[in-house]
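So the sequence lines, in the order shown, correspond to chains A and B. Quick note on numbering: my numbering labels position 149 of the first sequence as 156, and the sequence is numbered without any gaps. Quick note on numbering: my numbering labels position 10 of the second sequence as 17, and the sequence is numbered without any gaps. Glycine residues also receive a C-beta, built at the ideal position from the N, C-alpha and C atoms. These figures come from a predicted structure and were not determined experimentally. The structure appears right after this line, and notes come after that.
Number of protein chains: 2
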Amino acid sequence: MPVGLSEPEALLPIAGVRWGIAAAGIKYADRNDLALMEIAPGAATAAVYTRNAFCAAPVTLARQHGEAAATRYLLINSGNANAGTGEPGMMAALDSCAALADVVGCKTEEVLPFSTGVIGELMSVEKIRNALPQAYADLSAGNWLKAARAIMTTDILAKGVSRQIEIGGKTATISGIAKGSGMIRPDMATMLAYVATDADVEPALLQRLLQQAVDYSFNSITVDGDTSTNDACVLVASGQAGIAFASEADAGYGEFAAAVIEVLQFLAQAIIRDGEGATKFITIDVSGGSSKAECRQVAYTVAHSPLVKTALFASDPNWGRILAAVGRAGVEGLGVDKVSIHLGDVRIVCDGGRDASYTEAAGQAVMDEEEITIRIDLGRGSARAQIWTTDLSYDYVKINAEYRS
Amino acid sequence: MPVGLSEPEALLPIAGVRWGIAAAGIKYADRNDLALMEIAPGAATAAVYTRNAFCAAPVTLARQHGEAAATRYLLINSGNANAGTGEPGMMAALDSCAALADVVGCKTEEVLPFSTGVIGELMSVEKIRNALPQAYADLSAGNWLKAARAIMTTDILAKGVSRQIEIGGKTATISGIAKGSGMIRPDMATMLAYVATDADVEPALLQRLLQQAVDYSFNSITVDGDTSTNDACVLVASGQAGIAFASEADAGYGEFAAAVIEVLQFLAQAIIRDGEGATKFITIDVSGGSSKAECRQVAYTVAHSPLVKTALFASDPNWGRILAAVGRAGVEGLGVDKVSIHLGDVRIVCDGGRDASYTEAAGQAVMDEEEITIRIDLGRGSARAQIWTTDLSYDYVKINAEYRS
């Protein structure tokens with residue numbers, strides 16, 4: 008079961024944004040699997056996508072459409088990723104956008120398509136086309152949670168959060184949803200995340216803000232190291248709150264940006280808390296590096312080590328595995344006698360070996376918790392990075408061995 | 008159970024090399040855990056060690072001793088890795104060598120120490136010292152298989168092989184043993200491997216041969232991506248067969264080198280066949296790369312993907328996961344429409360998508376096998392690399408979640 012996560016109670020509507028949901032029967036029976044976001048004219052939309060070379064057809068098309076026109080609709084389906092599908096997959100993505108454009112009366116390039124689910128199977132445009140009228144009729148500002156549920160695949164819980172911030176006597180609202188549980192090591196954005204605000208943000212600034220927020224959220228999590236073919240994160244600024252930002256220097260922008268980052272971080276951590284088979288929520292905090300990149304490299308090496316992950320699952324303070332992972336992370340000229348490692352507040356390693364004061368009982372007490380922080384100080388600089396990950400359980404194997412059956 | 012591997016039936020003695028075995032009670036009760044290799048004067052010894060920055064105390068000491076003197080004894084224990092043990096660990100390794108030097112009457116630096124087992128716990132020199140007389144009294148040319156069993160940790164089967172080759176009417180014999188099952192992604196050599204021949208090989212040539220053989224064997228396997236702190240591989244040439252090699256150009260050297268590589272490859276593959284929880288033996292063959300390094304990078308990315316590994320465990324031809332792993336392997340400028348992927352002889356991907364002639368039944372037939380080859384052609388050059396790995400099963404998690412309990 009998810010670690011320290013529950014269903015969102017309520018998500019705040021964003022003026023200028025409506026969601027319409029439908030059941031298209033793409034893979035799952037008896038559940039919604041199609042979500043349509045309508046964006047009012049005049050809004051700005053920023054997006055980041057997976058860096059996987061085999062990016063899915065909808066990712067390629069969404070990139071093209073985003074550059075060609077202002078975005079009016081996001082069309083999202085779960086159950087089929089439309090990835091590894093070659094030219095027929097591109098046609099399916101394009102035909103889906105065209106079908107929606109017909110229904111709503113916009114241009115095809117004003118639609119961004121998104122897909123998540125099984126890779127390598129052709130997606131039925133027919134099923135999507137048939138469900139579009141239902142989704143269109145359903146458009147409502149209050150459908151955020153319903154949308155969060157429609158885009159789930161192996162997720163156990165829907166993921167969403169809202170924040171409000173007062174700026175100059177006015178209120179800006181930010182709401183976001185995300186899905187993702189496995190094949191999670193976003194290298195640009197996580198599986199799928201949609202965030203909107205009613206603030207007015209100049210498009211280039213919005214893109215910079217999204218990139219920054221993604222770096223501190225979706226690009227700092229990993230379940231299994233598998234960067235997906237379909238990762239995407241979209242940030243919409245509808246501009247209907249009467250608050251406008253044209254540059255980083257504008258009054259209130261710092262607070263606003265912090266709130267956006269907070270929303271993305273919440274969603275990214277929610278994906279980890281609901282990671283496939285997760286029984287632990289792990290923070291890996293690497294400091295004392297000569298660069299942030301080096302800190303991230305160490306953090307990811309520890310986070311991806313199956314031996315560290317299985318020890319975390321077993322609540323076993325087998326810190327030697329952490330030490331071995333740090334040692335193989337490829338940090339040039341690492342002085343092992345400068346490295347220290349803490350489990351929670353318990354120092355386990357210093358001077359290249361076990362801390363003399365360390366006791367197994369102290370390590371065990373930390374490992375018994377559901378939420379664990381591993382702190383690693385490389386002792387060679389002032390850079391720092393933090394990432395979040397899960398343990399590796401029987402259920403991870405079960406979920407992924409049985410996914411298609 | 009190990010995949011396509013059985014206990015070695017007999018291992019051929021090597022003139023000039025004897026093994027002595029004892030039960031020191033380091034961690035395991037009622038089994039041998041100490042192995043002593045005696046090397047006759049005049050032999051050449053080459054060794055390669057882990058590149059893990061946190062290398063174990065015995066690795067540091069073995070490197071120093073190997074440079075300081077001709078090696079006369081290898082002292083190997085299982086049950087405790089003497090890694091992450093700082094200065095006390097160095098003292099323990101040194102004291103063990105000194106204790107053996109006392110018993111056999113050699114210099115301390117003529118002894119190379121090796122340890123494998125739990126990381127981060129201090130090793131008892133007392134237990135080793137007490138068992139040395141028993142090991143010394145046991146020295147015999149016929150003890151290769153007994154040694155293979157004594158160095159095991161989570162291995163299910165002992166691993167060893169012998170080869171003979173005729174050169175100029177004389178016979179050179181090569182015997183080797185290895186241990187290893189988890190924390191396997193050697194970045195120099197695997198956990199522990201000991202190979203000896205009765206040929207006479209000039210020391211610098213012997214070291215080059217070992218490096219070459221390791222590249223094609225222990226540096227081409229992975230179970231879990233975790234490079235150990237204790238990896239070591241030793242190659243001894245006793246020179247007692249009347250066959251001598253001073254350079255690569257010598258008559259018969261090519262055949263001899265091929266036989267040595269074959270022995271190391273057998274041992275490396277045996278480690279994979281006995282990989283923790285392994286139910287499949289997987290060959291990943293990447294061709295068409297612009298460099299060997301790039302081919303290895305792709306092969307290891309596929310081999311380390313938990314999603315690919317769980318699909319292999321489930322015998323699920325979920326090739327989309329292979330494609331996603333290739334796509335995120337970080338190959339600069341990869342043309343995805345040039346990539347093809349075969350499962351065994353079945354082509355599943357070409358032109359960036361599923362081969363039109365591919366059927367799930369054909370993929371399933373390959374996946375149902377115990378031994379599976381995944382062939383990936385990057386379509387951008389003529390370099391090639393091959394590595395071997397396992398699937399990821401419930402038992403892998405079980406073994407590693409319960410290792411210390």
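Looking at the structure shown, is residue i part of a helix, part of a strand, or coil, going by DSSP?
i       : result
N89(B)  : coil
A196(A) : Low confidence applies here, because A196(A) scores a pLDDT of 32, under 50, leaving its location unreliable and the question unanswered by this model.
Q393(B) : strand
T380(B) : strand
Y35(A)  : coil
L330(A) : helix
F288(A) : strand
P210(B) : helix
F61(B)  : coil
S412(A) : The pLDDT assigned to S412(A) is 45, lower than 50, so where the model puts this residue is not dependable; a value taken from the coordinates is nonetheless given after this. Three-state result, S412(A): coil.
A153(A) : First, the amino acid is wrong: residue 153(A) is Lys here, not Ala. K153(A): helix per DSSP, three-state reduction.
T160(A) : coil
V111(A) : helix
V356(B) : strand
If you draw a straight line from the alpha carbon of residue i to that of residue j, how long is it in whole angstroms?
i       : j       : result
V110(B) : Y143(B) : 8 Å
Y403(A) : T397(A) : 10 Å
V132(A) : I163(A) : 27 Å
V353(A) : A392(A) : 20 Å
G359(A) : H311(A) : 22 Å
M97(A)  : A54(A)  : 19 Å
C104(B) : Y260(B) : 34 Å
E377(B) : Y401(A) : 22 Å
E116(A) : G32(A)  : 25 Å
E74(B)  : L385(B) : 42 Å
I126(B) : V338(B) : 35 Å
V10(A)  : F288(A) : 6 Å
L152(A) : G340(A) : 49 Å
E45(B)  : A285(B) : 34 Å
L314(A) : I381(A) : 15 Å
T3(B)   : E301(B) : Residue numbering for chain B in the displayed model covers 8 to 412; residue 3(B) lies beyond these limits and cannot be assessed.
L129(B) : N87(B)  : 8 Å
K34(A)  : A90(A)  : 15 Å
L19(A)  : D222(A) : 25 Å
T317(A) : W326(A) : 12 Å
A414(A) : A22(A)  : In the structure as shown, chain A starts at 8 and stops at 412, and residue 414(A) therefore has no counterpart that could be examined.
V24(B)  : L213(B) : 17 Å
Are the Cβ atoms of residue i and residue j separated by less than 9 Å?
i       : j       : result
V333(A) : F61(B)  : yes
V66(A)  : D238(A) : yes
L330(B) : V346(B) : yes
I83(B)  : T52(B)  : no
V241(B) : V202(B) : yes
W26(B)  : L43(B)  : yes
L216(B) : A264(B) : yes
V270(B) : S182(B) : yes
T290(A) : I383(A) : no
Q276(A) : S224(A) : yes
P15(B)  : A155(B) : yes
Check the DSSP bridge columns for residue i and list the partner residues they point to.
i       : result
V44(A)  : What sits at residue 44(A) in the sequence shown is Met, not Val. Paired residue(s): W26(A) and L81(A).
L119(B) : L81(B)
T180(A) : Q171(A)
K166(B) : A185(B)
For residue i, count the other beta carbons within 10 Å of its own beta carbon; 16 or more makes it buried, fewer makes it exposed. Which is it?
i       : result
M195(A) : Model confidence at M195(A) stands at a pLDDT of 34, short of 50, so the residue's coordinates are unreliable; what they give is reported in the following sentence. Looking at its Cβ environment, which holds 16 or more other Cβ atoms inside 10 Å, M195(A) is buried.
A244(A) : buried
R38(A)  : exposed
K166(A) : buried
G49(B)  : exposed
T229(B) : buried
K134(A) : buried
K177(B) : exposed
S85(B)  : buried
T197(B) : Residue placement at T197(B) cannot be trusted, given a pLDDT of 40 that sits under 50; what the coordinates show is reported in the next sentence. The residue is buried, with at least 16 neighbouring Cβ atoms inside 10 Å.
M8(B)   : exposed
P210(B) : exposed
P324(A) : buried
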